[in-house]
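Participant: My questions will all concern the structure given below.
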């Protein structure tokens with residue numbers, strides 16, 4: 314994989330992590346029950362970007378954790394901010410825990426990619442969590 318592709322994937326993953334942070338921000342808004350219809354629209358947009366960007370990243374990097382299914386489960390368990398605001402507190406805490414696990418998993422992958430970048434690793438594909446993506 315070329316250095317430019319490597320750099321591009323790192324940038325995509327950094328942007329993806331920022332979107333995940335925004336997702337968590339909207340969960341916090343739901344918990345406080347202080348949100349607007351504009352927040353609802355932005356939340357839907359963030360979820361859309363998260364799913365699309367995940368597909369782009371996974372087409373370049375294979376990883377076992379977080380899995381695509383875990384990410385999709387998180388996103389689909391939060392259809393709207395209003396829905397989240399009506400959930401029991403324990404359920405929202407569970408969602409936040411699931412978000413945190415996914416966030417840490419992606420941060421770990423980003424760290425591994427940056428290590429490869431520093432080493433100037435130009436081998437085809439990336440090896441993450443024991444799997445290798447072939448070109």
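Residue numbers (this note's numbering): 314 to 448.
Glycine included, each C-beta is placed from N, C-alpha and C at the ideal position.
1) Is it true that the segment 343-357 meets the segment 390-406, where meeting means three or more beta-carbon pairs spaced less than 8 Å apart?
2) Under three-state DSSP, which class holds residue 374?
3) Does the count of Cβ pairs from the segment 388-395 and the segment 417-428 closer than 8 Å reach three?
4) What would DSSP say about residue 400, mapped onto helix, strand or coil?
5) Taking the alpha-carbon of residue 495 as reference, which of 356, 425, 431 and 432 has the nearest alpha-carbon?
6) Does the structure place the segment 359-370 close enough to the segment 328-341 that three or more beta carbon pairs sit under 8 Å?
7) Could you check whether residue 325 and residue 370 sit closer than 8 Å to each other, using their CB atoms as the reference points?
8) Express the C-alpha separation of residue 366 and residue 347 in angstroms, rounding to a whole number.
9) Using the Cβ count rule (16 or more neighbours within 10 Å means buried), how would you classify residue 354?
Facilitator: According to the structure data:
1) yes
2) Sequence index remark: in the chain shown, residue 374 carries index 61 (1-based). Three-state result, residue 374: coil.
3) no
4) The residue labelled residue 400 in the question sits at position 87 within the chain shown. Looking at residue 400 - three-state DSSP - the assignment turns out to be coil, as it is neither helix nor strand.
5) This structure cannot settle anything about residue 495, because the visible part of the chain is limited to 314 through 448.
6) yes
7) As a position in the chain shown, residue 370 is number 57, starting the count at 1. As a position in the chain shown, residue 325 is number 12, starting the count at 1. Their beta carbons are under 8 Å apart, which means residue 370 touches residue 325 by this criterion.
8) Numbered from 1 along the chain shown, position 34 holds the residue referred to as residue 347. Numbered from 1 along the chain shown, position 53 holds the residue referred to as residue 366. Cα to Cα, residue 347 sits roughly 28 Å from residue 366.
9) The residue you call residue 354 lines up with position 41 of the chain shown. Result: exposed.
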